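In the numbering used here, the protein residues as written are 65 to 186. We put the beta carbon where it would ideally sit given N, CA and C, even for glycine. Because the structure is a prediction, the values reported are computed rather than measured. Report on the following structure.
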Amino acid sequence: MPILLFRLNGVPEDEAGEVRQLLDSHRIDYYETQAGRWGISLAAIWLRDGDADREEEARRLIDDYQERRSASARADYAARLAQGRAETLAHRFRREPLRLLIYAAIILAIVYFTLAPFLHWR
């Protein structure tokens, strides 16, 4: 039975490509499924039936890769933050104040209409 190794829904293409390359370099036999036309199916990388005994190795490789990628992304963000180039909420508000105010109004309206039946105004 095939084994799900790595979900591709919402994964950047560079990360998916690096995972494919990692599996190829270790000669792990896998196949991919796509999300389909409407994007509702499971896009993933699966371990083939014949390589089920290599599941632990494949998972370890992917876990190590994701740890390295995560550490790299955190280091990159910390460097941008130290240089003042990281985007913060304040930067976004200065760049697009109207959009942020509209989003805040929509959120407040949703909260209000969700809670209004339970509030008794007297």
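If you draw a straight line from the Cα of residue 183 to the Cα of residue 170, it is about 19 Å long. According to the DSSP assignment, residue 112 belongs to no beta strand (DSSP E), since it is labelled neither H nor E. Taking a contact as a CB-CB distance under 8 Å, the pair residue 114 and residue 93 counts as one, their CB atoms being some 6 Å apart.
In this structure, the beta-carbon distance from residue 68 to residue 122 does not fall below 8 Å. By the criterion of at least three beta-carbon pairs nearer than 8 Å, the segment 126-137 is in contact with the segment 77-84. A straight-line Cα-Cα distance of about 11 Å links residue 181 and residue 175. Beyond the five residues adjoining it in sequence on each side, residue 86 comes within less than 6 Å, by CB distance, of 125, 129 in the same chain, given in chain order. Between the C-alpha atoms of residue 157 and residue 164 there is a straight-line separation of about 6 Å.
Residue 106 carries a coil assignment under DSSP once its states are collapsed to helix, strand and coil.
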